[in-house]
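Asker:
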Amino acid sequence: MFIDSSASNIWIADKINHRIVKWSSPTTSTVVCGSYGSNDNQLSYPDGLFVDTSDSDTPYVADSGNHRVQMWLPGATSGKTVAGITSYYGGGLNQLWFPKTLIVDNDKNMFINDR
Numbered sequence: 367m368f369i370d371s372s373a374s375n376i377w378i379a380d381k382i383n384h385r386i387v388k389w390s391s392p393t394t395s396t397v398v399c400g401s402y403g404s405n406d407n408q409l410s411y412p413d414g415l416f417v418d419t420s421d422s423d424t425p426y427v428a429d430s431g432n433h434r435v436q437m438w439l440p441g442a443t444s445g446k447t448v449a450g451i452t453s454y455y456g457g458g459l460n461q462l463w464f465p466k467t468l469i470v471d472n473d474k475n476m477f478i479n480d481r
């Protein structure tokens, strides 16, 4: 979950439904991205997310089941893998193993917590 207090938005990694949902009010929600799978427009058990509010609300998703982090530019129909290798896990510097949480700092450095 990510809370954007300046815009009163709550972003949720809906793990069971393989999607990211943005709530802008108690009764208004939008599916930002995702459906089940491993293609660039799909997610597999997303676990955590970070939203870069300084960059047009760009979400970064810890796509746990696909062992990657996906970035979704606003209005895009597909995400872009910015860390990990889709469907391949391991302990190499370019690999992730079920990423759980992440954060991106002001200098665009990404910190990822995985197994």
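Note that the sequence shown covers residues 367 to 481 in this note's numbering. The C-beta atom is built at its ideal place from N, Cα and C for all residues, glycine as well.
Express the C-alpha separation of tyrosine 426 and asparagine 472 in angstroms, rounding to a whole number.
Answerer: For the purposes of this step, residue 472 is taken as residue 106 along the sequence shown, with counting starting at 1. For the purposes of this step, residue 426 is taken as residue 60 along the sequence shown, with counting starting at 1. When rounded, the distance between both Cα atoms is 14 Å.
Asker: Give me the residue from Ser372, Ser430, Phe416 with the minimum Cα distance to tyrosine 402.
Answerer: Position 36 of the sequence shown, counted from the first residue, corresponds to residue 402. Comparing Cα-Cα distances from tyrosine 402 to each of Ser372, Ser430, Phe416, the minimum goes to Ser430.
Asker: Provide the residue span of the beta strand (DSSP E) that contains aspartate 370, from first to last.
Answerer: Position 4 of the sequence shown, counting from 1, holds the residue named residue 370. Here the beta strand (DSSP E) through aspartate 370 covers 368-370.
Asker: Report the partner residues of phenylalanine 477 according to the DSSP bridge assignment.
Answerer: The residue labelled residue 477 in the question sits at position 111 within the sequence shown. Its beta-bridge partners are Ile469.
Asker: Quick check for students: name the residue ranges of the beta strand (DSSP E) that lie wholly in the stretch 394-458, counting only runs of 3 or more.
Answerer: DSSP runs (the beta strand (DSSP E)) wholly in the stretch 394-458: 394-399, 412-418, 424-429, 434-437, 446-450.
Asker: Does the contact criterion of 3 or more C-beta pairs under 8 Å hold for the stretch 462-476 versus the stretch 440-451?
Answerer: The stretch 462-476 vs the stretch 440-451: in contact.
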